[in-house]
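Each residue of the sequence shown is one higher than the one before, starting from 1 at the first, in the UniProt record's numbering. Backbone N, C-alpha and C fix where the C-beta goes; we use that ideal spot for every residue, glycine too. Everything numeric in this text was worked out from a predicted model, so none of it was measured. Just below is one structure, and these are the notes that go with it.
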Amino acid sequence: MTNDTIEPLPGGPETAEPPAPVPASRLPELLHAAVAAVGGTERPGQVRMAEAVSAAVDEGEHLLVQAGTGTGKSLAYLVPALAHGDRVVVATATLALQRQLVERDLPRTVEALHPVLRRRPLFAMLKGRSNYLCLHRANEGTPSDEGEGLFDPVDALGGPTGKLGQDVLRLREWAEETETGDRDDLTPGVSDKAWAQLAVTSKECLGASRCAYGEECFAEQARERAKLADVVVTNHAMLAIDAIEGAPVLPEHGLLIIDEAHELVNRVTGAATAELTVGAVNRAVKRAAKLANEKAVDALQAAAENFHGLMETAQPGQVDELPEYLGYAVAGIRDACRQVITSLGETRDKGLTDEDAVRKQAMASAETLHETADRLLTGSEYDVIWIERSDRYGLGTASLRVAPLSVSGLLRENLYRDRSVVLTSATLKLGGDFNGVAASLGLPGETRLPDHRTPDGPAAETGEDAPPYWRGLDVGSPFTYPKQGILYVAKHLPPPGREPDRPEMLDELTELIGAAGGRTLGLFSSMRAAQTAAEQLRERLDVPILLQGEDTLGELIKAFAADARTCLFGTLSLWQGVDVPGSACQLVVMDRIPFPRPDDPLMSARQKDVEAHGGNGFMAVAATHAALLMAQGAGRLVRAADDKGIVAVLDPRLATARYGGFFRSSMPDFWYTTDRNQVRRSLAAIDAAAPPVKQR
Numbered sequence: 001m002t003n004d005t006i007e008p009l010p011g012g013p014e015t016a017e018p019p020a021p022v023p024a025s026r027l028p029e030l031l032h033a034a035v036a037a038v039g040g041t042e043r044p045g046q047v048r049m050a051e052a053v054s055a056a057v058d059e060g061e062h063l064l065v066q067a068g069t070g071t072g073k074s075l076a077y078l079v080p081a082l083a084h085g086d087r088v089v090v091a092t093a094t095l096a097l098q099r100q101l102v103e104r105d106l107p108r109t110v111e112a113l114h115p116v117l118r119r120r121p122l123f124a125m126l127k128g129r130s131n132y133l134c135l136h137r138a139n140e141g142t143p144s145d146e147g148e149g150l151f152d153p154v155d156a157l158g159g160p161t162g163k164l165g166q167d168v169l170r171l172r173e174w175a176e177e178t179e180t181g182d183r184d185d186l187t188p189g190v191s192d193k194a195w196a197q198l199a200v201t202s203k204e205c206l207g208a209s210r211c212a213y214g215e216e217c218f219a220e221q222a223r224e225r226a227k228l229a230d231v232v233v234t235n236h237a238m239l240a241i242d243a244i245e246g247a248p249v250l251p252e253h254g255l256l257i258i259d260e261a262h263e264l265v266n267r268v269t270g271a272a273t274a275e276l277t278v279g280a281v282n283r284a285v286k287r288a289a290k291l292a293n294e295k296a297v298d299a300l301q302a303a304a305e306n307f308h309g310l311m312e313t314a315q316p317g318q319v320d321e322l323p324e325y326l327g328y329a330v331a332g333i334r335d336a337c338r339q340v341i342t343s344l345g346e347t348r349d350k351g352l353t354d355e356d357a358v359r360k361q362a363m364a365s366a367e368t369l370h371e372t373a374d375r376l377l378t379g380s381e382y383d384v385i386w387i388e389r390s391d392r393y394g395l396g397t398a399s400l401r402v403a404p405l406s407v408s409g410l411l412r413e414n415l416y417r418d419r420s421v422v423l424t425s426a427t428l429k430l431g432g433d434f435n436g437v438a439a440s441l442g443l444p445g446e447t448r449l450p451d452h453r454t455p456d457g458p459a460a461e462t463g464e465d466a467p468p469y470w471r472g473l474d475v476g477s478p479f480t481y482p483k484q485g486i487l488y489v490a491k492h493l494p495p496p497g498r499e500p501d502r503p504e505m506l507d508e509l510t511e512l513i514g515a516a517g518g519r520t521l522g523l524f525s526s527m528r529a530a531q532t533a534a535e536q537l538r539e540r541l542d543v544p545i546l547l548q549g550e551d552t553l554g555e556l557i558k559a560f561a562a563d564a565r566t567c568l569f570g571t572l573s574l575w576q577g578v579d580v581p582g583s584a585c586q587l588v589v590m591d592r593i594p595f596p597r598p599d600d601p602l603m604s605a606r607q608k609d610v611e612a613h614g615g616n617g618f619m620a621v622a623a624t625h626a627a628l629l630m631a632q633g634a635g636r637l638v639r640a641a642d643d644k645g646i647v648a649v650l651d652p653r654l655a656t657a658r659y660g661g662f663f664r665s666s667m668p669d670f671w672y673t674t675d676r677n678q679v680r681r682s683l684a685a686i687d688a689a690a691p692p693v694k695q696r
């Protein structure tokens with residue numbers, strides 16, 4: 001099912017009038033029909049969640065719902081949303097869930113509810129413009145930064161032999177056959193560099209009214225479909241843009257549902273983060289040189305060279321205030337970009353010409369650099385600035401980065417006005433309550449609503465400045481965690497230090513995997529630690545050990561699920577989203593509590609800010625960050641009703657430190673032990689009871 005799913009199904013909407021809400025008394029009937037349509041089983045937690053969502057929409061409230069794996073939360077929010085009749089926007093963090101909603105849950109649910117709703121609600125998927133192929137670039141050529149060498153060398157038939165050139169040609173052929181132009185519909189995919197040749201950002205777009213391909217534009221068609229849809233499925237990034245930029249990119253809606261809400265703060269922070277790199281300035285110079293006047297280009301070139309020289313020796317770390325020499329360099333970039341922008345505007349032709357795409361690309365680069373440089377120079381107390389050194393920037397230089405100290409105020413001001421918001425995830429309660437996550441999402445703990453949904457006494461403010469009232473609900477999980485899983489903490493190990501080489505930990509890991517017969521997902525706090533463990537255990541054990549980075553993540557997970565003897569080691573990408581039910585994953589190992597690095601500039605600044613305001617910075621920032629990851633990581637173990645296994649944490653602090661209870665209460669309610677012998681016996685029993693190992 002693709003983005004054209006908003007076209008009415010046979011029988012279409014019976015009326016153009018806004019649909020009337022279905023009485024709440026019919027919600028059980030609707031939910032039962034929807035669950036049956038997708039071949040699922042109705043769960044008590046699912047029913048409770050659906051009732052709570054329905055009540056929140058009716059009362060105009062905000063709701064946080066923790067729904068464990070297997071609850072069926074997608075239907076629990078879709079059914080009451082469709083029954084209420086208002087347009088709903090569903091924002092998710094992962095492509096997998098977006099596809100599940102648009103290709104499976106929504107089509108079946110719409111059809112199942114039609115007899116009661118007497119209409120078939122329309123739905124569409126909407127993403128940022130750069131996710132859609134640009135027909136102008138596909139047909140008229142690309143203003144490439146690679147020059148004429150993009151397609152060199154060529155074969156005997158004149159076709160490109162280089163990977164980049166071959167991918168670009170394949171994209172142009174795909175443009176003739178795709179109905180959506182959505183990058184995620186391209187199989188197999190292409191590199192980011194190849195995609196960038198035939199995609200544009202919103203700043204680079206010529207505009208539908210000026211582009212020869214405006215009426216056929218994939219991005220514009222997706223936006224038009226979204227305007228007609230009753231349900232718009234989008235991603236957290238689009239939601240962040242809608243909140244940050246003030247200019248709405250999503251259609252008006254009466255209900256916002258944020259799934260995988262534990263990811264929202266990180267996604268909004270990412271969208272609000274800007275960086276100034278040597279590579280970006282050099283690209284801007286190349287683009288400006290094609291059309292801007294010589295004086296402006298020379299000024300930007302000089303500024304680029306000065307910035308490059310300074311950043312070659314810049315030391316990484318937080319910058320409370322830009323040093324004078326660096327401030328002059330950034331100001332030079334800002335001022336030169338202003339000259340370039342002025343020059344490009346003065347030389348603009350009135351009609352549409354072949355130069356327009358080049359001009360828009362150059363203008364977009366200059367404007368982005370100008371905005372970032374100006375933000376760095378302004379130095380708001382609400383921003384954190386730091387120097388970061390990474391191989392990805394190339395040229396052996398560092399970059400300047402700036403990010404918001406907090407996004408909770410931004411979310412509070414822009415997310416909760418004029419609509420009900422439902423935030424849901426398997427991980428929203430940390431340490432036994434919602435307050436920590438709620439505060440990070442812009443929902444103050446002191447304005448929480450009790451179960452009867454009446455504001456508490458003096459906290460019950462009204463008017464535009466009133467805090468957003470909310471209610472938290474934990475509907476549990478259909479799984480019996482104490483019977484299906486064990487949480488084992490290796491209390492006898494020494495506490496981890498900064499070095500990834502922990503001999504005792506590797507000995508423990510070797511024994512655990514040996515007892516499990518493979519079947520292990522290894523979650524490490526750093527890539528270096530994962531690599532060290534993979535190298536050593538490949539020598540010690542006769543089981544395949546896959547390592548993140550040695551293939552695409554999708555292929556690695558597929559190989560891990562196909563052979564129960566296989567182990568998969570990796571870092572942050574594996575702590576969330578890995579869904580491998582059955583005997584292939586019966587041991588989940590965490591090498592240590594995944595606290596942020598002590599030298600992480602943004603996390604350190606946030607922690608200090610909490611402490612400056614009288615709070616506990618460690619618990620509010622570092623511990624909350626780690627607890628979310630551990631809860632998500634532990635959730636990789638039990639994915640089905642008959643799954644069994646062990647989560648092993650090879651960090652004794654989970655058992656011995658004062659904050660250990662906070663972390664353990666944030667994880668699924670597994671049976672808890674520090675008895676290493678008991679765990680080995682349990683692993684051996686699980687291994688013996690598992691189906692025979694075979695390739696699938």
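Same chain, Cβ closer than 7 Å to residue i, neighbours up to 5 away in sequence not counted
i, result
"residue 291", "344, 347, 355, 358, 359 and 362"
"residue 201", "129, 130 and 364"
"residue 108", "37 and 38"
Distance, residue j Cα to residue i Cα
i, j, result
"residue 206", "residue 133", "14 Å"
"residue 654", "residue 243", "37 Å"
"residue 197", "residue 553", "24 Å"
"residue 562", "residue 251", "42 Å"
"residue 19", "residue 75", "20 Å"
"residue 402", "residue 600", "13 Å"
"residue 506", "residue 595", "20 Å"
"residue 504", "residue 537", "13 Å"
"residue 77", "residue 93", "16 Å"
"residue 520", "residue 648", "10 Å"
Sub-8 Å separation of residue i and residue j beta-carbons
i, j, result
"residue 524", "residue 570", "yes"
"residue 588", "residue 567", "no"
"residue 281", "residue 333", "yes"
"residue 389", "residue 316", "yes"
"residue 405", "residue 622", "no"
"residue 513", "residue 541", "yes"
"residue 138", "residue 175", "yes"
"residue 27", "residue 83", "yes"
"residue 52", "residue 31", "no"
"residue 407", "residue 265", "yes"
"residue 89", "residue 253", "yes"
Cβ separation of residue i and residue j, assumed to be a contact under 8 Å, to the nearest whole Å
i, j, result
"residue 233", "residue 101", "5 Å"
"residue 112", "residue 255", "Actually they do not touch by this definition, with Cβ atoms about 20 Å apart."
"residue 384", "residue 602", "5 Å"
"residue 70", "residue 365", "With a Cβ gap of about 47 Å, residue 70 and residue 365 do not count as contacting."
"residue 304", "residue 387", "So it is not a contact: roughly 17 Å between Cβ atoms."
"residue 167", "residue 191", "6 Å"
"residue 479", "residue 641", "6 Å"
"residue 679", "residue 488", "5 Å"
"residue 490", "residue 652", "6 Å"
Neighbourhood of residue i by C-beta distance below 8 Å, restricted to the same chain and skipping five residues each side
i, result
"residue 62", "56, 416, 420, 421, 422, 423, 443, 468, 469, 470 and 471"
"residue 682", "486 and 646"
"residue 183", "131, 132, 133, 189, 195 and 199"
Contacts around residue i, its chain only, beta-carbon distance under 6 Å, and the 5 residues preceding and following it disregarded
i, result
"residue 425", "260, 261 and 262"
"residue 372", "274 and 276"
"residue 289", "297"
"residue 337", "366, 369 and 370"
Residue environment, residue i, which counts as buried when at least 16 other CB atoms sit within 10 Å
i, result
"residue 482", "exposed"
"residue 323", "exposed"
"residue 498", "exposed"
"residue 95", "exposed"
"residue 204", "buried"
"residue 188", "exposed"
"residue 436", "buried"
"residue 454", "Any reading at residue 454 must be qualified, since the residue scores a pLDDT of 43, below 50, and its modelled position is unreliable; the value itself is stated next. Counting Cβ neighbours within 10 Å, residue 454 comes out exposed, since fewer than 16 surround it."
"residue 380", "exposed"
"residue 613", "exposed"
"residue 668", "buried"
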